[in-house]
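Residue numbers (UniProt numbering): 1 to 439.
We put the beta carbon where it would ideally sit given N, CA and C, even for glycine.
For clarity, every value in this text was computed on a predicted model and none was experimentally measured.
Only one structure is covered here, and it is reproduced in the block below.
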């Protein structure tokens, strides 16, 4: 700041002003800088939702300080070769001109346009001294507005001329020294920056709005898809039961008349019907995950897993051990049962040892519980770690499995804002981990 004072004093000393006049000029320029700092701070800290009022207020502050009577912001339209007044502030008793200054042909302001293209200010100290250059000349445009002095400062954005700010002096002739012009350039840059910030904020809000609309649309589509899957799957079960029943009756009634070889196609038909039934049940279960909203309660996991084990067909050569003192969580019993039932059934199904061992337990973390279902089965290749949670994905194509079990598990865990993963080694076994929030 001291160096600036010296620069100001040096430039002023060359003008022939006395010391008192010099001090006044220096003091005025310092107050001008303080004003800009104040406006800049306001721009940075303000909510730009009402940027129009913010810009007009700053135009008023600058205009009053430089003792002009009208201040404004214009934008250039180089596609249509016009310029338009976008913001204006007028002192008391000064007529607004904004309505009359829309889509002004650039041919009418060639002099200051050339200055702006060079990044320079265009300054007319005394409009009355301009040459009388016809109906569309610069003097003919300015004098009807009562302008005695005028200064315009280009607005540059990313090295591109986009408009200008201007100050009209109507009541008296106004002079601007070089330092004041420099400060007005700073103000022009501030306007560009605040407008650019507003544009970025609007773009972000628009992106957020589109994102919200997309999420709502996807959510609605998901609900409709689940509804459709539920209805279709439910409707398919009745004819499927009829087919199974009719084939079963035929086989029973004709078991003494039809050879075993001829019975094989019918047995295959029954097998495929059962496979289809598993698939439909899986789809029904998958589409039901998000349909249970009003049945939440506190679920004792000790009791819940005990009920699951009573429904799971456990081979005599398999031991299932459940950790004691499991937690109680708020949620839907059916969903929780689906998670443990599918994981335990998978562990049983993919056991390849003489004695299968399955452990169920948990550990308590800060904000969630981490559960696990561990087995000593055949294990899973690392390539399948992500694939097995997708709908209709199975490790092998044999059997009547639907391939939906693990996708149901993942959907339920995701529904409760948890996460699921596995650790596995071929020939050693697998451990499925999943988290459920405490709250």
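With a threshold of 16 other beta carbon atoms within 10 Å, residue 76 meets it and is buried. Taking every protein chain shown into account, the CB of residue 305 has 16 or more other CB atoms within 10 angstroms, so this residue is buried. In this structure, the alpha-carbon of residue 198 lies about 8 Å from that of residue 51. For the pair of segments examined, the segment 53-73 was found to touch the segment 162-179: the number of CB pairs separated by less than 8 Å reaches three.
Residue 101 sits close to residue 85, with the two beta carbons spaced by under 8 Å. Contact check for residue 376 against residue 356 passes: the beta carbons are separated by less than 8 Å. For residue 437, the pairing in a beta bridge is given by DSSP as 368. Residue 220 has its alpha-carbon roughly 57 Å from the corresponding atom of residue 92. Residue pairing by DSSP puts residue 298 in a beta bridge opposite 330. CA-to-CA, the gap between residue 379 and residue 349 works out to about 12 Å.
Excluding sequence positions up to five before and after residue 424, its CB lies within less than 6 Å of the CB of 379, 380, 430, all in the same chain and listed in chain order.
In the displayed model, residue 67 falls within coil according to three-state DSSP, outside both helix and strand. Bridge partners of residue 405 according to DSSP: none are assigned. Sequence-distant partners of residue 136 (beyond 5 residues in either direction) whose C-beta falls short of 7 Å from its own C-beta, in its chain, are 108. Ranking 351, 384, 366, 363 by CA distance to the CA of residue 428 puts 351 first. Annotation for residue 425: the continuous beta strand (DSSP E) segment containing it runs 420-425. Within the segment 71-140, the runs of beta strand (DSSP E) that reach at least 3 residues and sit entirely inside it are, in chain order, 82-90, 122-124.
The residues 418, 435, 436, 437, 438, in chain order, have a CB closer than 8 Å to that of residue 368 in the same chain once the five nearest residues on each side in sequence are set aside.
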